[in-house]
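J.: Everything in the sequence shown is counted per this note's numbering, starting at 1135 for the first residue and increasing by one. Ideal Cβ positions, reconstructed from N, Cα and C, are used throughout, including at glycine. It should be emphasised that the depicted structure is a prediction, and the values quoted were computed from it without experimental measurement.
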Amino acid sequence: MLKILHTSDWHLGNVLYGYDRIESEKNFLKQLADIVFEHKPDCMILSGDVYNLSSPSSTIQKVYTDAMLTIHQSCPNMIIVVTAGNHDSPSKLEISSSLWSCFNVFVVGNIEKQNETVDYSKHIIEIKNGNELKGYVAAIPHFYSRYADNMFEGLEDYIKQINQNNLPVILSCHLAVTNSEIRSKSLHVQDMEFYPLEKLGETYSYIALGHIHFPQTLKTSNNKARYCGSPISVSFNEDYTHSVSLVEIDEEQTKITPIEIKDDMPLKTVPNQSIPFDDVFNYVNNHKDELKDCFIRFNVKVKDYLPVNSKEKAIELCNSVGAYFCTFNIEREQQNNTSKDKEIITVEELKQMTPVDIATDYMEKKGVVLSDEFKQMIDYAMNYQVTED
1135 MLKILHTSDW
1145 HLGNVLYGYD
1155 RIESEKNFLK
1165 QLADIVFEHK
1175 PDCMILSGDV
1185 YNLSSPSSTI
1195 QKVYTDAMLT
1205 IHQSCPNMII
1215 VVTAGNHDSP
1225 SKLEISSSLW
1235 SCFNVFVVGN
1245 IEKQNETVDY
1255 SKHIIEIKNG
1265 NELKGYVAAI
1275 PHFYSRYADN
1285 MFEGLEDYIK
1295 QINQNNLPVI
1305 LSCHLAVTNS
1315 EIRSKSLHVQ
1325 DMEFYPLEKL
1335 GETYSYIALG
1345 HIHFPQTLKT
1355 SNNKARYCGS
1365 PISVSFNEDY
1375 THSVSLVEID
1385 EEQTKITPIE
1395 IKDDMPLKTV
1405 PNQSIPFDDV
1415 FNYVNNHKDE
1425 LKDCFIRFNV
1435 KVKDYLPVNS
1445 KEKAIELCNS
1455 VGAYFCTFNI
1465 EREQQNNTSK
1475 DKEIITVEEL
1485 KQMTPVDIAT
1495 DYMEKKGVVL
1505 SDEFKQMIDY
1515 AMNYQVTED
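1) Within 10 angstroms of the Cβ of E1287, are there 16 or more other Cβ atoms? Answer buried if so, exposed if not.
2) So, under 8 angstroms CB-CB, V1215 and V1271 are touching, yes? Tell me the CB distance rounded to an integer number of Å.
3) How about G1219 and H1308: are their beta carbons less than 7 angstroms apart?
4) If the criterion is Cβ atoms closer than 7 angstroms, does the pair I1346 and A1359 meet it?
5) Look at the Cβ atom of L1136, then the Cβ atom of G1269, and state whether they are nearer than 7 angstroms.
6) Thinking just about the alpha-carbon of each residue, which of S1232, T1217 and G1335 is nearest to the one in S1306?
7) Taking the beta carbon of P1190 as the centre, do at least 16 other beta carbons fall within 10 Å, making it buried, or is it exposed?
8) Can you list, in chain order, the stretches of the beta strand (DSSP E) that have 3 or more residues and sit fully within the region 1282-1370?
9) What are the residues that DSSP puts in a beta bridge with H1140?
10) Would you check if the region 1392-1400 and the region 1416-1423 touch, i.e. whether three or more CB-CB distances between them fall below 8 angstroms?
11) With three or more C-beta pairs closer than 8 angstroms as the rule, is the region 1394-1410 touching the region 1430-1450?
12) Compute the Euclidean distance between the alpha carbons of V1241 and I1449, then round it to the nearest angstrom.
13) Put F1162 into one of helix, strand or coil per three-state DSSP.
14) Look up V1252 in the DSSP assignment and give the residues it is bridged to.
15) From the DSSP output, in three-state form, read off Q1207 for me.
16) Alpha carbon to alpha carbon, how far is H1173 from D1397?
17) Considering Cα atoms alone, identify which of M1212, V1378, S1192 and H1421 is closest to K1226.
18) Taking the alpha-carbon of T1375 as reference, which of P1365, E1382 and I1383 has the nearest alpha-carbon?
19) For T1354, which residues of its own chain have a beta-carbon under 7 angstroms away from its beta-carbon, when the five flanking residues on both sides are left out?
20) Measure the alpha-carbon distance for D1438 versus S1142 and round it to whole angstroms.
21) For L1451, collect the residues of the same chain with a Cβ closer than 8 angstroms to its Cβ; drop the 5 residues on either side in sequence, then sort them by chain order.
22) Terminal residues of the continuous alpha helix (DSSP H) containing L1504?
23) Identify which residue in H1221, L1203 and L1343 has its Cα closest to the Cα of S1235.
24) If we count the other Cβ atoms within 10 Å of its Cβ and call it buried at 16 or more, is G1456 buried or exposed?
25) Quick check on S1408: does DSSP put it in helix, strand or coil?
26) Using the DSSP secondary-structure output, state which residues sit across from R1280 in a beta bridge.
27) Helix, strand or coil for L1451? Go by DSSP, reduced to three states.
28) Using a Cβ-Cβ cutoff of less than 7 angstroms, which residues in the same chain neighbour S1314 once the five nearest sequence positions on both sides are dropped?
29) If contacts are defined as beta-carbon pairs under 8 angstroms, then I1293 and S1339 qualify, I think. What distance do you get, rounded to the angstrom?
30) Can you tell me whether S1367 is buried or exposed? The criterion is at least 16 other CB atoms within 10 Å of its CB, across all chains shown.
31) What does DSSP give as the partner residues of A1515 in its beta bridges?
32) Using C-beta distances below 6 angstroms, list every residue in its chain close to F1462, excluding the 5 sequence neighbours before and after it, in chain order.
33) Counting only the same chain and skipping the five closest in sequence on each side, list residues whose C-beta sits under 7 angstroms from that of S1408.
34) Using only CA atoms, which one of V1239, L1146, L1233 and P1175 lies nearest to L1163?
35) Give the DSSP-derived three-state secondary structure of C1428 in the structure shown.
36) Just to confirm the assignment, what range does the alpha helix (DSSP H) spanning V1216 have?
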């Protein structure tokens, strides 16, 4: 049996409304090292977006370096494969790859080419237990198909040539697959290049995907392709359980087990239902213990505008209970339909709206209710990828 630990989208160095997340990131990385120690995987795969910025600070780079060494020490025989995501600088990620290989850490930042032809051998990492070859990882960093046409077809052909013993092969890539579920509004769907799952190839025992933060096993993959999701919330819209994925592969099946990651400083949107701004003070005072050490977004209902100095008041209120105020999630009271005044949408509200939200809001003002089927068509149109014959 081959045992894989799949993680992605760490986004180390993420700053949330002016607050760094270093303590939450360190807490996650410690849990990851403990998981490695407990389960002793043959390989750990990090499928892109190690950092949140292409030029991370020296402090954040040290957090990453210290964590990777601790993870290696937790299971010295484990192979670690790191691929670059769209948030990473491929060259900076690769700059110390020769040194990292001494610790069984293999970094693939760029698409390797020789004379404009992809050198697929540079993207194949062997998974070994001592001298025993147990399988391969095909590591593909984030890229745009126009720069490496037929990348996956050529990769699959190369793997068929070298894998004479029909060993398990894991594909690691950082990309968006068509019809995957996107819940995080922090991802800019309109900037994504979507790939049909079948385009990635059919010879893989498991496809370790990164880029989309919501954990999911793709329905049409026969339990073999999965986004493990971000290990901690990157934005308030990621209000779901975060995890890494333990993948066990044998000749009969691929078993996937999510392992939850706990965040001691979570992001909370409170209360569940929006309330007037003045009621926020009573809510916080009645829930002090629940809000301590949390990053807070308040659900508030307003008629026209928030009160003057509302942000300063919210910061002071959160500080008084040991919480960290970030922003407001605004719900406007229903306007009189006979009013000719245009409803004002704030910049913060617009940032939180998806194309479906905008279309729904616009049509409702025209007296038209969009059907679920029409909303799905909008999503499909946003995700649709035009291909050239």
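T.: So, to answer that:
1) With fewer than 16 other Cβ atoms inside 10 Å of its own Cβ, E1287 counts as exposed.
2) 5 angstroms
3) yes
4) no
5) yes
6) T1217
7) Result: buried.
8) 1303-1308, 1340-1344 and 1359-1361
9) I1179 and S1379
10) no
11) yes
12) Answer to the nearest angstrom: the Cα atoms are 42 angstroms apart.
13) helix
14) K1247
15) helix
16) 21 angstroms
17) S1192
18) P1365
19) Contacts found: L1331.
20) Rounded to the nearest angstrom, the gap between the Cα atoms of D1438 and S1142 is 41 angstroms.
21) V1414, F1415, V1418 and F1459
22) First-last for L1504: undefined, no H or E at that position.
23) Looking at the Cα atoms, L1203 is the closest of the given residues.
24) The residue is exposed, with fewer than 16 neighbouring Cβ atoms inside 10 Å.
25) strand
26) Beta-bridge pairing links R1280 to no other residue.
27) Three-state DSSP puts L1451 in a helix.
28) I1346, Q1350, L1352 and Y1361
29) About 11 angstroms separates the two Cβ atoms, so there is no contact after all.
30) buried
31) Beta-bridge partners of A1515 (DSSP): none assigned.
32) F1432 and V1434
33) N1433, V1434, K1435 and E1465
34) L1146
35) coil
36) No alpha helix (DSSP H) contains V1216, which is instead part of the beta strand (DSSP E) from I1213 to T1217.
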